[in-house]
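Below you'll find the structure, written out as structure tokens, and then a few comments.
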Amino acid sequence: MIYIMLVVCFIASILLTPLVKKLAFKVGAMDKPEQRKVHQKIMPRMGGLAIYISFVIGALVVNPDKAYHYPILIGSVIIVLTGVLDDIYNLSAKIKFLAQTIAAIIVVVWGGVQVEFINLPFGGQLEFGFLDIPITVLWIVGITNAINLIDGLDGLASGVSCIALFTITGMAMIMGNGYVIAISSIVLASTLGFLFFNFYPAKIFLGDTGALFLGYIIAVMSLLGFKNVTLISFIIPVIILGVPISDTFFAIIRRLVNKQPLMAPDKSHLHHCLLNVGFTHRQTVIIIYAMASFFGLVAVIFSMAKVWGAILLIVTVLLVIELIVEKIGLVGKNYKPILKFINDIRYSTDKNR
């Protein structure tokens with residue numbers, strides 16, 4: 139049944155995307171070129187609506203008997219309506235944040251999707267107590283916006299989301315979580331259908347409709363797949379989402395260092411930096427796909443590693459991330475503490491010869 143639905147959702151997305159493109163032109167959901175954007179011509183956005191409709195078809199047909207299924211669907215309606223209105227009217231950041239928070243609260247409070255505790259790797263539990271609801275809401279809202287932040291190149295956010303969904307589905311198969319397998323794979327199939335029209339050169343953009351929805355569903359699925367497990371396992375969804383999370387984290391650091399508002403848009407995200415280094419549009423997208431795939435592979439290896447092996451793996455990955463950040467100037471051209479340290483050692487070594 140599920141395999142048939144995946145094919146149906148994939149084909150539905152392919153058929154719906156051209157119709158959504160026409161609708162975007164009619165309602166004025168257009169993305170105009172500006173200084174911080176890469177595209178050079180007016181493009182229709184709101185393409186995520188095709189993904190969402192395809193997802194709803196699959197989700198309603200599969201209709202798993204879970205208490206959190208309909209709260210998740212209702213939350214997704216709020217997210218998608220917010221995205222559609224933003225794609226047409228450019229809503230303020232405060233309104234979008236409020237809508238995302240409401241959707242997250244519905245999932246957490248009504249659906250009962252909460253991270254209540256973490257089993258510590260060396261014994262005992264870390265109880266969140268009254269913080270379980272705000273922590274879970276913060277995770278959902280944070281990941282929802284993280285996917286939106288990397289939506290800067292043709293096929294980038296949709297492709298990275300596909301890789302994350304593929305990894306989450308694979309991990310859910312290992313853990314035997316049927317609900318996460320069904321919903322994640324349905325969204326994956328729907329997004330792959332849309333990617334035919336969204337990969338470079340794109341004919342339509344995801345828009346906030348798609349980026350917010352994908353971020354929302356990835357955040358919720360990763361919670362359902364890994365909540366209330368060990369501290370080591372809880373890190374797995376963070377690794378899977380390594381590209382959007384690290385880009386968001388260093389965007390915050392960059393704005394703090396430059397004394398800019400945290401919500402201020404800029405042209406220094408990961409894809410911007412790779413373009414500035416000299417990579418083409420297509421090369422940049424493929425490089426970030428490779429990064430996302432690397433994080434997905436690390437997550438799988440991490441899940442099978444012993445505690446000390448997992449810790450060593452995380453330290454290595456963090457070091458690699460830091461070196462890449464410094465090399466491409468993700469925080470700033472002058473932010474190179476480790477590279478400067480390495481150069482100082484080389485200089486001292488050469489001087490003593």
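My numbering applies: residue 139 is where the sequence shown begins, and numbers increase by one.
Using N, Cα and C, we set each Cβ at its ideal position, and we do this for glycine too.
Looking only at C-alpha atoms, which of the options sits nearest to residue i?
i           : options               : result
residue 225 : 241, 162 and 466      : 162
residue 247 : 296, 281 and 209      : 209
residue 242 : 361, 149, 477 and 171 : 361
residue 469 : 359, 329, 283 and 388 : 388
residue 223 : 184, 254 and 214      : 184
residue 379 : 286, 265, 454 and 165 : 286
residue 462 : 420, 440, 438 and 407 : 407
residue 227 : 167, 438, 423 and 272 : 167
residue 433 : 419, 451 and 447      : 451
residue 142 : 445, 157 and 195      : 195
residue 385 : 152, 145, 290 and 170 : 290
residue 393 : 473, 415 and 442      : 473
residue 292 : 349, 199, 165 and 398 : 349
residue 306 : 471, 435 and 454      : 435
Cβ of residue i within 8 Å of Cβ of residue j?
i           : j           : result
residue 216 : residue 233 : no
residue 363 : residue 318 : yes
residue 140 : residue 320 : yes
residue 347 : residue 299 : no
residue 332 : residue 188 : yes
residue 250 : residue 310 : no
residue 338 : residue 420 : yes
residue 273 : residue 245 : no
residue 440 : residue 377 : yes
residue 418 : residue 409 : no
residue 342 : residue 179 : no
residue 297 : residue 427 : yes
residue 334 : residue 152 : yes
Sorry if obvious, but does the Cβ on residue i come closer than 7 Å to a heavy atom of the ligand GDP?
i           : result
residue 219 : The ligand content of the structure shown is nil, which means the ligand GDP is not present either.
May I have the straight-line CA-CA distance separating residue i from residue j, to the nearest angstrom?
i           : j           : result
residue 492 : residue 351 : With the chain running from 139 to 491 in the structure shown, residue 492 is simply not present.
residue 201 : residue 207 : 8 Å
residue 355 : residue 336 : 19 Å
residue 256 : residue 270 : 11 Å
residue 381 : residue 373 : 14 Å
residue 323 : residue 316 : 11 Å
residue 230 : residue 481 : 45 Å
residue 263 : residue 281 : 25 Å
residue 213 : residue 186 : 16 Å
residue 396 : residue 340 : 33 Å
residue 155 : residue 459 : 35 Å
residue 405 : residue 449 : 34 Å
residue 148 : residue 182 : 21 Å
residue 254 : residue 276 : 14 Å
residue 431 : residue 171 : 30 Å
residue 429 : residue 375 : 15 Å
residue 235 : residue 442 : 36 Å
residue 446 : residue 199 : 44 Å
residue 444 : residue 252 : 26 Å
residue 165 : residue 157 : 12 Å
residue 479 : residue 150 : 54 Å
Report the partner residues of residue i according to the DSSP bridge assignment.
i           : result
residue 264 : 256
residue 169 : 181
Could you give the C-beta distance for residue i and residue j, rounded to a whole number, given that I count them as a contact under 8 Å?
i           : j           : result
residue 412 : residue 425 : 6 Å
residue 464 : residue 477 : 5 Å
residue 353 : residue 284 : 6 Å
residue 325 : residue 193 : 5 Å
residue 345 : residue 221 : 6 Å
residue 294 : residue 288 : 6 Å
residue 415 : residue 383 : The pair is not a contact, with the Cβ atoms about 22 Å apart (cut-off 8 Å).
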